[in-house]
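Everything below concerns the one structure shown next.
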Amino acid sequence: MFKKILIANRGEIAMRIICACRELGIKTVAVYSEADENSLHVRFADEDVCIGPARSTESYLNVPAVISAAEITGADAIHPGYGFLSESAYLAEVCEACHIRFVGPDPGVIRLMGDKARARRAMKKAGVPVLPGSDGPIDNDEKAAKIAKDLGYPVIVKAVAGGGGRGMRIVQSANELSQALKTARREAEAAFGVGDVYLEKYVESPRHIEFQVIGDHHGAVVHLGERECSIQRRHQKLLEESPSVALTDKVRRRMGASVVDAAKAVQYTNAGTFEFLLDQAGNFYFLEANTRLQVEHPVTETVTGVDIVKEQIRVAAGERLSFRQGDVAFNGHAIECRINAEDPDTLVPSPGVIHVFSVPGGPGIRVDTAAHSDCTISPYYDSMIAKIIAHGRDRQEAIARMRRTLEMTVIEGIRTTIPLHLKILADPDFVSGKISTSFMNRFAADRPNRLAAAG
Amino acid sequence: MFKKILIANRGEIAMRIICACRELGIKTVAVYSEADENSLHVRFADEDVCIGPARSTESYLNVPAVISAAEITGADAIHPGYGFLSESAYLAEVCEACHIRFVGPDPGVIRLMGDKARARRAMKKAGVPVLPGSDGPIDNDEKAAKIAKDLGYPVIVKAVAGGGGRGMRIVQSANELSQALKTARREAEAAFGVGDVYLEKYVESPRHIEFQVIGDHHGAVVHLGERECSIQRRHQKLLEESPSVALTDKVRRRMGASVVDAAKAVQYTNAGTFEFLLDQAGNFYFLEANTRLQVEHPVTETVTGVDIVKEQIRVAAGERLSFRQGDVAFNGHAIECRINAEDPDTLVPSPGVIHVFSVPGGPGIRVDTAAHSDCTISPYYDSMIAKIIAHGRDRQEAIARMRRTLEMTVIEGIRTTIPLHLKILADPDFVSGKISTSFMNRFAADRPNRLAAAG
Amino acid sequence: MMNLDEIRSILELVREHELSEFELERDGLKIRIRKDAIHQPSLLMSGVPAPAGTATLPAPAAAAPARETPPSIAEPAPEAGEEADYDLAVVSSPIVGTFYRSAEPASPPFVEVGETVKKGQVLCIIEAMKLMNEIESEYDGDLVKIYVENGQPVQYGERLFALKIS
Amino acid sequence: MMNLDEIRSILELVREHELSEFELERDGLKIRIRKDAIHQPSLLMSGVPAPAGTATLPAPAAAAPARETPPSIAEPAPEAGEEADYDLAVVSSPIVGTFYRSAEPASPPFVEVGETVKKGQVLCIIEAMKLMNEIESEYDGDLVKIYVENGQPVQYGERLFALKIS
């Protein structure tokens, strides 16, 4: 087992990894930017190294600084958390070269899954259903028009290197196609430095369902069931739950087995997530795989009792998975709300000093956060300040617990998305489980003049 | 179901009951003393009534004030929590007379179990093993000497109305008996207004094991397994866990069935706890029954997934228990630490203003508290300010999670028992499960001159 | 450019206006002042009703300024816009219950505003647990205000009457 | 430039007005004062090492008072007991790595205390990811202090040298 892990991240996920390391008796090294000097992850790590100024390109995204910090502290592994360098095949490679273990899949797998078109092909080959579409980047409009016609409109243009909705365009008819390709290429170029785009069948109002897997270096891969993440705004997840009301036990087993097979086919190790669209007819289509820990991993931990972060560290150290597929049992229902420092109406980020931070606990409530009374939410990074996870015997109990927790949460000094979450939790369609990725449109539609009025 | 429940308590347990009511959609009424005007339970109840000055005899223990508050707010039930009026047969009777439902057993059962000697007889009759002893109060020394001789020394003198170690004396040999009876009677008289004492066989270094039961008004009684509460100091529980390492599944089933039979025999309804001593040979002896919610109920909730407080409210409203014995499954291991506002060495209460209150969460951690940054811990009431409950797949994981949580908890402005808990959790005997009610002696013994030096 | 005298003047203004923060920025200059004189008022401390809950009873902080020295007679703080050049006494409720101004529904009230009352005179009844508790005046004086409507519930320490002490 | 007397006067004002924070910024000058007069200094804010952990690296707050304006030359606050009647410049580390005073173990150090250095002169090497990064002086001046031992790890922004600027 490792003696010392460097945590190449900040905020709640750095705290989460410190918790896991402490439980395993592993020392920790925090790295931090100058903006995070007083952060909890710096306080509670065994050692800490300032790696640069506030701007993340010069600190948390600075591979030489992270590697140097690991070297001067003698860390034998790096946990990248999520975001930042977590899906950097380059960091994983440098780690290999420096004999530091990277807590994540091998660089080759990260690279494969990072290329959406190659990932699609690999999944298709492994027998996982993928959305019908162009089998690779599209370079001319004529070919695009033919493929789109074969797929049938609507279709969607997506960036090969994409994510977060950038380089993405929905095309309703043939005469919009050429313009959409142009715009998507430009956006992709700007966002990812690579302008390649591809075409897919567009599914209307699908559910976003993802499967959590974890594999060791001895060939074992186990899935931990699904998470439903259909509640999204601008392709950002707001609320996640497990299990999904849309899956029967039979479908869960079938999908899970198919994901495990695919992960084995690409020699997947460590934790990863396979994202799918579920259309209204019940068909699943592979979307993409995330080769890292997800923000929403706690809902899976809550229903399975598996500590995914500790398991990641164990398998990275070469240990065998501590459980087999047959040992995984699903217990009750879990919901996670991401509490962001944002105005719940205008969605504008709301950094600043939190004067009062009090999240009531009680039965079934888990809180993952690095915030506390009198802490500063920096404008430099992600606006997520806390994750609240509610566990109940069933979905209804989980919803009730989440509601009363949010109602009794006091965060003063900044605005948060709590009022928005309370609206979602009170929505009759949400309560009855009738959700899709278009669910959040209704809240935007309630305020047609919102942006105009705010502007 | 009730429309509005008055919570005749304060602090974390009032918050706990508010959580349960909100999940059930029931309105709440907080009552409070003048010292608690700014408390969270007052803030988060739907209504609130000031019922008296700080002294609890004039507020939280004031039955007419509590009943009046229920009447003026139109509450249809009263939940007494633990402590204060929770085992007051008188309050239960007045509630009956005023057509307010008391969330607890019937007054007759409260009275029966409140009289230790009668409770012993009832349990013996129901086939539950009790400690050999005098079958009722002892009024003369000669009779006492004979009984003690039959029992074999050591024996223990206990107050019939006792609790909390008052009116209790261990007697090692015949020549100490007369003096011990005298002292115990005097203490009992002072503490409870009743001087009656009885004799029992004294068990050396036993474990304190208790069973949680809950019964409805339709004759169903179910047990939720045991809690081990051997870690006590001056007869006050400090740390509780479930399951106990001392019980096999077979013993658990046998004991549980015996407790359920006994509860049915006395027509027990609502939640209750049957406390036992387990001697080193593996024999169980009934100690006493607590006819209320216990401080340590969360460890049972954590391993069973049953919300005991909601279940209490449901059965009080006449509903049937929502589960049967066969539905109760035990999942992993839970430990609770009671965080008290006390100096961990001198044990002196440490009321005052908490400037910083930050309890990290993360996987497996539940926090029950009414404290927050900038709150005041009043000198008038119980010194317990928070309960931290750690859940793990096994005892080892639960201990590791509790440790890292306590290490990363920041409470500033007052002293707390956290350092003492960390000592307990690091103790090799505790870690290997070799504990008994004498466990805490080692920490006192470590500092023979502690009180002298402090004085 | 700012000099020490200017800073001093700003600080005077901050004190005078009891500010907790002051910030000024203009080209080439930025000044920021923060005071934690007491604690900043926090919702957790201020007893503002919870957004989700609705209090049917008057919020104690607002309704009972005389709460500090119940249960009976206390000097009220003069209210804004009120003359307070005479001694006032407030009679607060010593118990929780329902306030009645008369012995029976049909009877006239025990007292009316403007009346002179004697020490020991019954001012009202508070019903608690079906018991009628007579509340007596502890002072001689003129009744200047009745805070509570007939039949209204009252909390412990809630103010009932104001007397101008003679 | 602000002199000590002015700073002293501002501190007097801060005390007099019981401020918890005071900040003044104008071209080339920034002063920030913070007092926890009422609040006990909070562990959560102060960056004091956690009781459970042991930092093998110097705590940033203590080790890098010049942290506000890295990565290179900053005006240090005069330290207690030190004369500060000349202009000092502190050279801080622009990267994380290992500090070496000479090009190779056998070579003599690049600079010694008391030496005069020129702008652009190499002061030390910071090794990061097997690369040797030469750190140059940005000022002409006399080297008055070397904060770090040879072979010691340094953080971003950690101070390395103090120069008396000529």
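Chains as they are written, first to last, in this note's numbering: chain H, 28 to 482; chain D, 28 to 482; chain P, 464 to 629; chain W, 464 to 629.
For each residue, glycine too, the CB sits at the ideal point set by N, CA and C.
1. My parser needs the beta strand (DSSP E) runs of 3 or more residues fully inside the region 38-108 of chain D; what are they?
2. Against Val394(H), what residues of chain D qualify as contacts under a CB-to-CB distance less than 7 Å, listed in chain order?
3. Please confirm whether Val611(W) has its beta-carbon closer than 7 Å to some beta-carbon of chain H.
4. So if I threshold CB-CB distances at 8 Å, which residues from the region 416-428 of chain H count as touching chain D?
5. Please tell me whether Val76(H) and Gln618(W) are closer than 7 Å, where the distance is taken between their beta carbons.
6. Go ahead and label Ala500(W) buried or exposed: buried means 16 or more other beta carbons lie within 10 angstroms of its beta carbon, across all protein chains shown.
7. Could you pull the start and end residues of the alpha helix (DSSP H) that Val342(H) belongs to?
8. In this structure, how does DSSP classify Asp168(D) when only helix, strand and coil are distinguished?
9. Can you check whether the CB of Gln199(H) is closer than 7 Å to the CB of Tyr180(H)?
10. Would you call the CB atoms of Arg49(D) and Gly388(H) closer than 7 Å?
11. Using the beta-carbon count (16 or more within 10 Å), is Asp354(H) buried or exposed?
12. From this set, Asp223(H), Pro156(H) and Met150(H), which residue's C-alpha is nearest Gly189(H)'s C-alpha?
13. Closer than 9 Å by beta-carbon distance: list the chain H residues that pair up with Ser66(D), in chain order.
14. Among residues of its own chain, excluding the 5 on either side of Asp603(W), which ones have a beta-carbon nearer than 6 Å to its beta-carbon?
15. Tell me which same chain residues have a C-beta within less than 6 Å of the C-beta of Cys402(H), skipping the five on either side of it?
16. Could you run through the region 69-95 of chain D and flag, in chain order, every residue whose CB is less than 7 Å away from some CB of chain P?
17. Report the rounded CA-to-CA distance for Ser13(H) versus Ala308(H), giving the unit in angstroms.
18. Closer than 6 Å by C-beta to Ala62(D): which residues in its own chain qualify, once you throw out the five before and the five after it? Chain order, please.
19. So what does Asn317(D) bridge to, in DSSP terms?
20. Between which two residues does the beta strand (DSSP E) containing Asp395(H) stretch?
21. Does the beta-carbon of Lys143(H) have 16 or more other beta-carbons within 10 angstroms, so that it is buried, or is it exposed?
22. Taking all protein chains shown into account, decide if Glu481(W) is buried (16 or more other Cβ within 10 angstroms of its Cβ) or exposed.
23. What distance in whole Å lies between the Cβ atoms of Tyr109(D) and Ile40(D), which are believed to be in contact at a cut-off of 8 Å?
24. Look at the alpha carbon of Pro638(W) and the alpha carbon of Cys587(W), and state the distance between them as a whole number of angstroms.
25. Does the separation of the CB atoms of Val93(D) and Ala35(D) fall below 7 Å?
26. Give the DSSP-derived three-state secondary structure of Gln259(H) in the structure shown.
27. Just checking: is the beta-carbon of Val559(P) within a distance shorter than 7 Å of some beta-carbon in chain D?
28. Any beta carbon from chain P within less than 7 Å of Phe624(W)'s own beta carbon?
29. Mind listing the chain W neighbours of Leu474(P)? Cutoff is C-beta to C-beta under 7 Å, in chain order.
30. Would you list the residues sitting across from Ile592(P) in a DSSP beta bridge?
31. Could I get the ranges of all uninterrupted beta strand (DSSP E) runs contained in the region 416-445 of chain H, with 3 residues as the minimum, in chain order?
32. Measuring straight from C-alpha to C-alpha, what distance separates Tyr295(H) and Gly242(H)?
33. Near Gln615(W), which residues of its chain fall below 8 Å by C-beta distance, leaving aside the five closest residues on each side in sequence?
34. Keeping to the same chain, check which residues put their C-beta closer than 8 Å to that of Ile45(D); ignore five residues upstream and five downstream.
35. So, Val240(H) versus Ala273(H), is the Cβ gap smaller than 7 Å?
36. Against chain H, with Cβ distances strictly below 7 Å, would Glu328(D) count as a contact?
So, from the listed chains and residues:
1. 54-60, 74-79 and 104-106
2. Gly388
3. no
4. Arg420, Glu424, Ala427 and Arg428
5. yes
6. At Ala500(W) the pLDDT is 40, less than 50, meaning the model places this residue with poor confidence; the figure from the coordinates comes in the next sentence. It is exposed - the Cβ of Ala500(W) has fewer than 16 other Cβ atoms within 10 Å.
7. Ile335 to Ala343
8. helix
9. yes
10. no
11. exposed
12. Asp223(H)
13. Result: empty, since nearest Cβ-Cβ is about 13 Å, beyond 9 Å.
14. Lys581, Lys582 and Ser629
15. Ile381
16. Arg70, Phe71, Ala72, Asp73, Glu74, Asp75, Val76, Cys77, Ile78, Gly79, Pro91, Ala92, Ile94 and Ser95
17. With chain H represented from 28 up to 482, any question about residue 13(H) goes unanswered, as that position is not in the structure.
18. Ala81, Ser405 and Tyr407
19. Thr300(D)
20. Ile392 to Thr396
21. buried
22. exposed
23. 6 Å
24. What is shown of chain W runs 464 to 629, which leaves residue 638(W) out entirely.
25. yes
26. strand
27. yes
28. no
29. Leu476 and His480
30. What sits at residue 592(P) in the sequence shown is Met, not Ile. Met592(P) is not bridged to any residue.
31. 437-439
32. 6 Å
33. Thr561 and Phe562
34. Ile34, Thr55, Ala57, His68, Phe71 and Ala72
35. no
36. yes
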